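Written below as structure tokens is the structure these notes are about.
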Amino acid sequence: MTDQAALASKLETGVSQLRCIACGAVGEEGAKSVRCAQCGDLLEVAFPGWKTNSGMRAAGLDAAGLKQLWLQRRTSWNALDESGVWRFREILPALHDWSHVITLREGNTPLYELPSCGRAAGVGQLFAKHQGMNPTGSFKDTGMTAAASFARQGGFRWVACASTGNTSASMAAYAARAGMRSLVLIPQGQITWGKLSQALDYGAVTCQLKTDFDGCMRVLDEVVQRMPVYLLNSVNPYRLEGQKTAAVELLERFDWQPPDHIIVPGGNLGNSSAIGKALLEMKELGLIARLPKLSVIQAEGANALVRTMRESGGKKLISVHAETMATAIKIGSPASWKKAVRVIEATGGAVEQVSEVEMALAKAEIGADGIGCEPASAVTLAGLKKLVKQGFARRNESVVLILTGNLLKDPDFTLKFHRGDLFAGTEHEEEAAEVLAPRQRAPMVLDASANAVVKVLEYAEQTDPRK
Ligand code: F0G
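Oh and the sequence shown: position 422 is 425 in this note's numbering, straight run, nothing missing.
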């Protein structure tokens, strides 16, 4: 055995437990319920074997060894190593049998510089960590590989979720790969066709309920109690473990010198909780010396966390009736709000909300940098602009936006934007016409003649805003 292999096998024996975030009771591993049997609050994965003070693992693992091992795996063809989630398996809950892992080679997503968005926002170094470059086009895959693998290990035949679209697409894919059946509850008429078509193609039993996302979640809670199905929403603690790796990968990409600020969109608040958990754990393990701020941005019409922080100091959830064109984050009663509050406070981050017009403009700006994302992801850039204006984010800071979904998830939004009818008939129509017009590029219908095309080309060159 090589030194590295010996180190790896030693580390993989690390023990984790499920622990309640409110009362601290230890839950049963592999159990069906994702809630505390004592008080009903959410569970999280804890690693009691990690020594908090020395920053080293009890297993004898040092930070330098881990960094080297994880990087080395990028040259391996082993399926676990090829996954940008399981490559970091020492900091994840261990499966009894690694052959249960279901991977689509998720993670290892790119980090892009966003120069013109940086100028628009007023920060010198702006980056996007694009989780929309995952196998099913959203960040959900990193969490799903973990939770679906535990579902398979637990012998479940059925997995289920309520979703605004991305979770269902991802869950359906991973269930199909594992030979499990999947049940999807979605709010009727409120998810994009792209996401719905994914769930269908991957063979999910798909129910469109006549309610919103929060209503779907309530119905699913009851179904799960009555039927032998395993819940794969982000209240499932294993989901968040997989989603942690986006932050770990990001830190690795920065050579473990953290950026100053990470900005995440907030819906059900699983992702912000996961990224924050990773940052705190990396600090605890001594892999980073300081914590980046973690800020969460919501749509004004789905601003439960913003209101919770401002009106109750983060002590009591203030639910809202959610309304936003960013259907992915159209959520009024976020399940992981307590976890999110904890990590925002621990990292000194902020919460902010943005309008529909601000979000639409930011999405076009990200697109114009050649990256593109779905509307929910664009709230990060819109929020950053606000945080810079408020002086919370400073011009000399390095900032990373977590882009959560691929541009192709919601082509309807993009087409309406460029045709100029995204806000038609709404109270924002006038404001939108003024603010968004310079960014709109409606497709042109022309005669099939070179002359017509050349004229368009000449006009575009004369009016090029970048000249
Ligand atoms: N961005 C995208 C593209 C999403 O799909 C979601 C959530 C979020 C951001 C918010 O993340 O919920 O962890 O705070 N989508 C879920 C779904 C709810 O069902 O696909 P969160």
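Idealized CB from N, CA, C, for every residue including glycine. Remember, it's a predicted structure, so these values are computed and weren't measured experimentally.
In terms of Cα proximity to residue 120, the closest of 401, 37, 79 is 401. Looking only at 39, 67, 154, 124, the smallest Cα-Cα distance to residue 391 is reached by 124. Separation of residue 162 and residue 260 (C-alpha to C-alpha, rounded to the nearest whole angstrom) is 39 Å. A straight line joining the alpha-carbon of residue 181 with that of residue 447 spans about 45 Å.
Three or more beta-carbon pairs separated by less than 8 Å are not found between the region 423-441 and the region 142-153, which leaves the two stretches without contact.
Beta-bridge partners of residue 99 (DSSP): none assigned.
Under the Cβ criterion (8 Å, minimum of three pairs), the region 251-269 does not count as touching the region 213-230. Relative to the ligand F0G, the beta carbon of residue 164 is positioned inside 8 Å of a heavy atom.
Our two residues, residue 28 and residue 240, have alpha carbons roughly 14 Å apart in a direct line.
According to DSSP, residue 129 shares a beta bridge with 402. The straight-line gap separating the alpha-carbon atoms of residue 99 and residue 157 is approximately 10 Å. Distances from the CA of residue 313 to each of 289, 297, 344 were compared; the closest alpha carbon is that of 344. Look at residue 216: its beta carbon is less than 8 Å from one of the heavy atoms in the ligand F0G.
Taking residue 212 as reference, the option from 389, 198, 26, 187 with the minimal CA-CA separation is 187.
Between the region 290-307 and the region 105-115, the count of C-beta pairs closer than 8 Å stays below three; the two stretches do not touch.
Residue 382 carries a helical assignment under DSSP once its states are collapsed to helix, strand and coil. In the DSSP assignment, residue 296 falls outside any alpha helix (DSSP H) and within the unbroken beta strand (DSSP E) covering 296-302. Of all C-beta pairs linking the region 306-325 to the region 339-354, three or more are shorter than 8 Å, placing the two stretches in contact. When C-alpha distances from residue 93 are compared across 288, 222, 325, 319, the shortest belongs to 288.
Rounded to whole angstroms, the separation of the alpha carbons of residue 371 and residue 42 is 49 Å. In this structure, DSSP gives residue 209 an extended state, which the three-state scheme calls strand. With respect to the 9 Å criterion, residue 428 and residue 333 are not classified as neighbours on the basis of their beta carbons. Taking all protein chains in view, the Cβ of residue 452 is surrounded by fewer than 16 other Cβ atoms within 10 Å, so the residue is classified as exposed. Rounded to whole angstroms, the Cβ separation of residue 331 and residue 168 is 6 Å, and the two are in contact under 8 Å. By the CB criterion at 9 Å, residue 148 and residue 267 fall outside the cutoff. Between residue 209 and residue 189 a beta carbon distance of about 7 Å is seen, short of the 8 Å cut, so the two are scored as contacting.
Relative to the ligand F0G, residue 341 has its C-beta separated by 8 Å or more from all heavy atoms.
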